[in-house]
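Below: the structure, in structure tokens.
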């Protein structure tokens, strides 16, 4: 700021017009000239060229100024200048005077003060000297006092040291006594140990002194005695685990070798655990390698067993492991190895026992109980595993998994037994003699009962099995139970296996050679099973699989599962097989009847037919019965279109087909092969009929199959006989009768008609005297019959 | 027509004998000659006036001798009899007459002897002792097995021994076969659903397959190379193969036909080839490699092959594997039930089948298979 001011004034010309650069600096103005006068800044002097003409500058030279003014200014200005200067000088003078007056008092008082100070200082100096002298006196007297007390102090300190030593010595001397007292049986050996531990170091240090040596020896002897007794106690079988731990702890403090102790500890604990295992084993019936002897049911249920096993054995093992850890942790030479090996052998034995106990659970029992038992076992085992990671984690999990699998397999067997039982019931219901007035339970009812009870049982089993994967069961979170168990054990092992087995069993009824001695299944049962399999194929299998997948969600990456369609195909195959077999059995029954009737009759010597043979009526009756039976379970099926008066038309074909001369008198001896030629040509245009061919799942197809089998049999049997005239006529009557009543059952009446035509033709061929009956007579007989 | 037999004693020419069945006309025996090279069939007709022929069999020793079972009808009574016949000398070895002549000069069979069955009932079939000298025959009549000795150059038949099947109901033999094994001392018979084996020396039953088939057993045949193996067929549409040492279970079962199987025949030299005829009008030729006497999956001996034939060997390998038990061919030429099938005695690759309408079909084993079996 001063600099700025200086520059401002430097450029200005007069002090009166000194430039004010800001309002903030206005207050300095009165002091400005003074300040400049008294303290010109060096910087200004250095840079500004000394201007002797500047009246306010420090280098003011009155001569130069005067000269300059005189030479430069005109007179008026000169005069004005002179006046201004005179004014200025006056102002300055007055200013100086004012300042002087103003500060005069201050000068005087300052002088007074200085004078007073001079006087005071002189006084103070003397006092300070006094003080120094006093202080010196004090220090000398204090030195004297302390010198006098030093000796006494030293002696008292010595005395205190001696006393402490003596006290220590006394306690040392007392050690054996105390030890003896505390180690006395029933006393407190723990305190003795503390005492000994304290004294031992000292004793060891001063053992070169005979008296201490004696003490040490004595206490050693006592402690050895104690150790001896502790060891003896350690071997005592009745020792509680806690006492055992204490015992071992004390022994360790006595610096007994840890390896040895560890061994002894384990063996003792092992003995205890063994007795517990033995107690568990005692509950099990003796191991029976042959497995034939019937074992009595176990006294207690599995939950109880596992409870006891886990609380006694697993708990103790945990305790043991924990105390072992705390005792021997960090001691050289005692690794975890022995403990783990020890625990592993024991757990293995425990697993064995449990396995045997589980094997006793033959029956289905209560699954929830089993699950709870397994759960408890698993939980306890996990607690143990946290302590002993190597104590057979896999073995335990495998045990649980095995038990679960075993149970599932048992359920499968139970399901199978149940199904067989149901089948037995159905068979009984079918076989039960019915009073003619009362209708027994119809086939549809039986089927519904069978299907619903089997399905219900399956659902119940699934619900039971689901307990294994319930959320609150600890082992359900094992990866095995999440993935493999769901898919492999339950879906494949239980559900799929059951459905497969069901199909196989059903098919077994068809495949097992009934003629080989076993009691043949009644045809109605075959029909029932066929329908059951068909229903399974249509709905039940997919339903069951969906249900299973819902209850046991399979993992995406899990093993390959059997797809539903494959099972459906199996079921369909079984159904087809059963139905075919049904057709064959029923067909064979009817065929057998026809064959016997044809074989046993004397066709040559028979009389003129008056009636339809009873066997034909029986055939029609049987087929009608079969029709009713099949109709209960299967749909009607498709028939080929037929004209309204089919029986009429069929007859006309029947009669016209033989008209060209099959057994008409026009039969010429010269051409015996002509008839065959004719029939051959006819056959060329008709379809080949497969007699034992697979049938479709509907009533018409089934009945067509049966009728085909029957009629073909009739044909072959007639061909083996030689007929007389009336024999032929009888065949004619029978054939017409069959045609009259059978066409309605068949899918394509042309099949029936064609076969009957062949029968008639063959009969004519096998006839010695082929004279057919008048057709009206045939009709009459049939309608009358 | 139901009766068909190869001319067993003939080993050069392919010749079959067919008996006709007609109630109202004279029955005939047709001698069918098949000329393999020119593919021509020659037919000679012999009259058989006594009745319709139900069964025919040719002597294994004498080309000219054959036996028939025929129906004799007399007023309201039908009796099945059996007789041994000799055909005219010139026809014995198949003189090649022109076909148009044959109808004009039908010759008659010379009767050698009757097998007297008045006390035994209807004859079901006549079997010659295989490998024998044509002196022993066995006939089955109702429930009797009759063993005859032909004496005085077959002019006289003497009943040497017989056995009867006793049991509930009316038992009737349906067919039988004489085993070529065990020095020709065994035969097998079928009645109803049962197959029985007999010892011809003691005329005692030696084994019995109860319920061999679900329904009537129609025919039997012995494996010509494996002595205990027997094939049977019946009304349950099945063909079953048995080991007669263990009769509880069949060794193998075929279910190819859709109606009664009337006839089953082993090929005389390659016993994996099985021929069956059925009333579903089909003839089925099956290849039962697994139970044949030939080694299964026949392999070529390495030593016999030099290196350059390696490729050849591989081809054979490929060929030999697909040869599992399988149906080789189904012949559907017949329009009516096939009642008889027979292999030719001269050519092991040729067989004939006969159906009800009188059609005789001669077929060959497929060439590829033939070469495969041979090579």
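Protein chains in written order, with UniProt numbering: chain A, 1 to 785; chain B, 1 to 375. Ideal Cβ placement from N, Cα and C applies to all residues, glycine included.
Contacts around residue i, its chain only, beta-carbon distance under 8 angstroms, and the 5 residues preceding and following it disregarded
| i | result |
| --- | --- |
| residue 846/A | The requested residue 846/A does not occur in the structure, where chain A is confined to residues 1 to 785. |
| residue 526/A | 509, 510, 578, 579, 581, 582, 585 |
Residue from the options whose Cα sits closest to the Cα of residue i
| i | options | result |
| --- | --- | --- |
| residue 319/A | 343/A, 305/A, 608/A | 343/A |
| residue 411/A | 216/A, 375/A, 466/A | 466/A |
| residue 565/A | 121/A, 751/A, 544/A | 544/A |
| residue 281/B | 337/B, 11/B, 293/B | 337/B |
| residue 81/B | 24/B, 72/B, 368/B | 72/B |
| residue 291/B | 255/B, 251/B, 257/B | 251/B |
| residue 504/A | 416/A, 696/A, 563/A | 416/A |
| residue 237/B | 279/B, 268/B, 197/B | 279/B |
| residue 78/B | 605/A, 729/A, 574/A | 605/A |
| residue 611/A | 122/A, 156/A, 779/A | 779/A |
| residue 789/A | 224/A, 130/A, 382/A, 155/A | Residue 789/A lies beyond the stretch modelled for chain A, which goes from 1 to 785, so this question has no answer here. |
| residue 349/A | 420/A, 275/A, 418/A, 419/A | 275/A |
| residue 224/B | 202/B, 293/B, 258/B | 293/B |
| residue 240/B | 246/B, 247/B, 232/B | 232/B |
| residue 249/B | 288/B, 195/B, 227/B, 199/B | 195/B |
Status (buried if at least 16 other CB within 10 Å, exposed otherwise) for residue i
| i | result |
| --- | --- |
| residue 58/A | exposed |
| residue 437/A | The pLDDT assigned to residue 437/A is 44, lower than 50, so where the model puts this residue is not dependable; a value taken from the coordinates is nonetheless given after this. Result: exposed. |
| residue 235/B | buried |
| residue 373/B | buried |
| residue 52/B | buried |
| residue 74/A | exposed |
| residue 324/A | buried |
| residue 550/A | exposed |
| residue 402/B | Lying outside 1 to 375, the shown extent of chain B, residue 402/B is not represented and no answer is given. |
| residue 126/B | buried |
| residue 182/B | exposed |
| residue 44/B | buried |
Close Cβ partners of residue i (< 6 angstroms) along its chain, the five nearest in sequence each way excluded
| i | result |
| --- | --- |
| residue 174/A | none |
| residue 365/B | 349 |
| residue 263/B | 219, 277, 340, 341 |
| residue 273/B | 267 |
| residue 489/A | 405, 408 |
Same chain only: Cβ atoms within 7 angstroms of residue i, ignoring 5 sequence neighbours per side
| i | result |
| --- | --- |
| residue 766/A | 718, 719, 721, 722, 723 |
| residue 265/B | 221, 275, 341, 342, 343 |
| residue 216/B | 174, 192, 193, 234, 235 |
| residue 570/A | 500, 503 |
If we count Cβ pairs, one from each stretch, closer than 8 angstroms, do we get three or more for the region 396-404 of chain A versus the region 418-432 of chain A? no
Segment contact, 8 angstroms Cβ cut-off, at least three pairs: the region 140-157 of chain B with the region 114-123 of chain B: yes
How about the region 207-214 of chain B and the region 152-164 of chain B: do they share at least three Cβ pairs that are nearer than 8 angstroms? no
Quick check: the region 757-774 of chain A against the region 4-18 of chain B, are there 3 or more CB pairs under 8 angstroms? no
Please list, in chain order, the residues of the region 22-43 of chain B that have any C-beta partner in chain A closer than 9 angstroms. 22, 23, 24, 25
By the 7 angstroms beta-carbon criterion, what residues does the region 576-602 of chain A contribute toward chain B? 588
Under 8 angstroms, CB to CB, which of the residues in the region 716-729 of chain A have a partner in chain B? 716, 719, 722, 724
Taking Cβ-Cβ distances below 7 angstroms as the criterion, which residues of the region 246-260 of chain B are in contact with chain A? 258, 259, 260
Which residues, taken in chain order from the region 340-364 of chain B, show a beta carbon closer than 9 angstroms to some beta carbon of chain A? 356, 357, 358, 359
Contact between the region 758-765 of chain A and the region 35-46 of chain B is defined here as three or more beta-carbon pairs at a separation below 8 angstroms; is this criterion met? no
Counting only Cβ-Cβ distances shorter than 7 angstroms, please list the residues of the region 175-190 of chain B near chain A, keeping chain order. none
Stretch-stretch touch, CB-based, cutoff 8 angstroms, three pairs: the region 701-712 of chain A with the region 236-256 of chain B: no
Members of the region 208-222 of chain B that neighbour chain A once the beta carbon cut-off is set at 9 angstroms: 210, 211, 212, 213, 214, 215, 216
If we count Cβ pairs, one from each stretch, closer than 8 angstroms, do we get three or more for the region 174-181 of chain B versus the region 123-134 of chain B? yes
Can you list, in chain order, the residues of the region 748-768 of chain A whose Cβ is nearer than 9 angstroms to any Cβ on chain B? 758, 762, 765, 766, 767, 768
Residues of the region 602-621 of chain A with Cβ closer than 7 angstroms to any Cβ of chain B, in chain order: 604, 605
Taking a cut of 8 angstroms between CB atoms, which residues from the region 267-282 of chain B lie near chain A? 279, 280, 281
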